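Asker: A single structure is presented below for examination.
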Amino acid sequence: MAMEGRFHFYEGYGMKEVTFPIRVMYELGIETLFVSNASGGMNPEFRIGDLMIITDHINMFPEHPLRGRNFPTGPRFPDMHEAYDHKLVALADEIAKEKNIRVMHGVYMGVQGPTFETPAEYRMYHKMGADAVGMSTVPEVIVARHCNIKVFGISVITDLGGFDVPVKVSHEEVQEAANAAQPRMTEIMREIIKRS
Ligand code: HPA
């Protein structure tokens, strides 16, 4: 099952709406969720167009997707130790090496947007432990994990922030870098599906 796009919190949807597709996928019996997004890189080793395999996340959304009465798919206080499946990360590394695709690892910070970050915000998020920042994914991953669905995620670094020289970001640049990186990303995901 594949989604064309997603619902973003910044568009005005509530967290229950943003994560509803995951609930539907769970009911249909999916076992692994592949997520992708565009993000701003704050790790100085990153370049525009890089693929970052998401190894963990930081949830900075102002509302939690599991707030309210607990769904019987999982516990009230779900463990989030391995939100992104270690075995799938290792498999992706192996595939990327074989196919000569440059992949980075990193922590994704989910924020509400819709503003891109100020230089000070990029610096702060990097100090907080994130390598990339974006406006999606974290709510869906939380709900998927609550449903015990395995997760694999890739973030395309579409712009850079937090360095000494402030760089402007536009939606067009983000889309261009994401489109350019997409074939490399789908190649890795297609191969994971084949092998697992
Ligand atoms: N910040 C937040 N969201 C984003 C960015 C960014 O720099 N790039 C793409 N999505």
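For what it's worth, the UniProt record's numbering labels the leading residue of the sequence shown as 1, then goes sequentially. No residue lacks a Cβ here, since even glycine has one placed at the ideal position from N, Cα and C. Source: prediction; values computed, not measured.
(1) So the alpha helix (DSSP H) Y108 belongs to, where does it begin and stop?
(2) From G129 to E4, what distance separates their C-alpha atoms?
(3) Within 10 angstroms of its Cβ, does V72 collect 16 or more other Cβ (buried), or is it exposed?
(4) Count the CB pairs spanning the region 69-84 and the region 166-177 that are closer than 8 Å, and state whether there are at least three.
(5) Can you tell me whether A38 is helix, strand or coil according to DSSP?
(6) Which residues in the same chain as M185 place their Cβ atom closer than 8 Å to its Cβ, once the five residues preceding and following it in sequence are excluded?
(7) Nearer than 7 Å: is that true of the beta carbon of F7 relative to any heavy atom of the ligand HPA?
(8) Go through its chain and collect everything with a Cβ distance to Y108's Cβ below 8 Å, but skip five positions before and after it.
(9) Just reading off the alpha helix (DSSP H) that M189 is part of, what are its end residues?
(10) Looking at I95: is its Cβ nearer than 8 Å to the Cβ of I192?
(11) Is DSSP giving M135 helix, strand or coil here?
(12) Less than 8 Å between the CB atoms is what I'm expecting for T19 and V143, so what's the real figure, rounded?
(13) Please go through the same chain and pick out, in chain order, the residues whose beta-carbon is closer than 7 Å to the beta-carbon of R123, but skip the five residues on each side of it.
(14) Buried or exposed for V24, please, with buried defined as at least 16 other CB atoms from any protein chain shown within 10 angstroms of its CB.
(15) Tell me, please, which residues DSSP counts as bridged to G68.
(16) Going by C-alpha to C-alpha distance, which of F34, E17 and Y10 sits closest to R145?
(17) With a 10 Å radius around its C-beta and 16 neighbouring C-beta atoms as the bar for buried, classify P44 as buried or exposed.
(18) For the ligand HPA, any of its heavy atoms closer than 7 Å to the Cβ of T118?
(19) Under the assumption that R190 contacts L91 (Cβ atoms under 8 Å), give the Cβ distance between them as a whole number of angstroms.
(20) Nearer than 7 Å: is that true of the beta carbon of T158 relative to any heavy atom of the ligand HPA?
Answerer: Put simply:
(1) Unbroken run through Y108 is the beta strand (DSSP E), V103 to G110; no alpha helix (DSSP H).
(2) 30 Å
(3) Checking the sequence, you will find Pro at residue 72 rather than Val. The residue in question, P72, is exposed, as its Cβ has fewer than 16 Cβ neighbours within 10 Å.
(4) no
(5) strand
(6) S36, L51, I154 and V156
(7) no
(8) N37, S39, M52, I54, D56, H57, I58, A130, D131, A132, V133, G134, T137, V138, G153 and S155
(9) H171 to R195
(10) yes
(11) coil
(12) 4 Å
(13) G162
(14) exposed
(15) DSSP output for G68 lists no bridge partner at all.
(16) F34
(17) exposed
(18) no
(19) Wrong, their Cβ atoms sit about 12 Å apart, outside the cutoff.
(20) yes
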